[in-house]
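Novice: Got a structure here, written out as structure tokens. Questions coming.
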Amino acid sequence: MIHLFTQDIDLGIEMGSTGSGRFSDYSGTGGDTGAGGGGASGEDRCNRAFACVLEEVEQCDYFTANQDVPPTNTALTLELRGRLMAIDPNDLSVGALPTRLNYLADCLGAGFSYDGRVIASTSGSVASVNVDFGPRQP
């Protein structure tokens with residue numbers, strides 16, 4: 535099963551900018567570049583939105599309980615549970631963030647929190663969940 539988030543609306547007019555509707559589309563956000571990529575000098579990386587593919591999805595609570603991945607647009611939060619984990623509204627772990635984003639543990643410790651959503655997911659031969667997160671300042 536494949537879940538994809540799409541939002542295609544053709545108004546018949548050209549707009550000045552395009553994007554996917556993701557937090558990480560906005561200027562100054564890290565997107566998928568990781569801790570060392572992009573942004574202005576001295577930028578507080580805790581304030582950046584990011585997108586990533588979750589790891590260890592099939593070993594996490596959500597997949598174990600449902601034998602499937604969460605659908606597109608499922609709300610998520612970020613918690614430190616040994617590793618940085620994406621957590622659904624029922625407090626089930628969905629997947630681990632890539633280790634290149636481990637700096638976010640310090641951000642959580644500083645009082646930041648992160649809201650996100652599933653932007654694409656598939657439970658084919660290998661379960662995969664793509665997510666998008668944005669910060670809430672302390």
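Heads up: the sequence shown begins at 535 in the working numbering, then just goes up one per residue.
Each residue gets a CB set at the ideal place from its N, CA and C atoms; glycine is no exception.
Given the structure is predicted, the values throughout are model-derived calculations rather than measurements.
1) One question on the structure: do residue 629 and residue 580 come within less than 8 Å of each other, judged by their Cβ atoms?
2) If you draw a straight line from the alpha carbon of residue 602 to that of residue 661, how long is it in whole angstroms?
3) Only counting the same chain, and skipping five residues up and downstream in sequence, which positions put a Cβ closer than 7 Å to that of residue 586?
4) If you follow the alpha helix (DSSP H) that residue 600 is part of, which residue opens it and which one closes it?
5) Assign residue 571 to one of two classes, buried (16 or more other C-beta atoms within 10 Å of its C-beta) or exposed (fewer than that).
6) Look at residue 652 and residue 626 and say whether their C-beta atoms are less than 8 Å apart.
7) Classify residue 568 as helix, strand or coil using the three-state DSSP reduction.
8) Count the other CB atoms within 10 Å of the CB of residue 598; is the residue buried (16 or more) or exposed (fewer)?
9) Return the chain-ordered ranges of every alpha helix (DSSP H) run that is complete within the region 585-638 and spans a minimum of 4 residues.
10) If you reduce the DSSP assignment to three classes, tell me which class residue 578 lands in.
11) For the beta strand (DSSP E) that contains residue 668, what are its first and last residues?
Specialist: In short:
1) no
2) 8 Å
3) These residues qualify, in order along the chain: 566, 631, 632, 635 and 665.
4) 595-600
5) No answer about residue 571 holds up, because its pLDDT of 41 lies below 50 and its placement is not dependable.
6) no
7) Residue placement at residue 568 cannot be trusted, given a pLDDT of 39 that sits under 50; what the coordinates show is reported in the next sentence. Note: residue 568 maps to coil in three-state DSSP.
8) By the C-beta density criterion, residue 598 is exposed, having fewer than 16 other C-beta atoms within 10 angstroms.
9) 595-600
10) In this structure, residue 578 counts as coil in the three-state DSSP scheme.
11) 662-670
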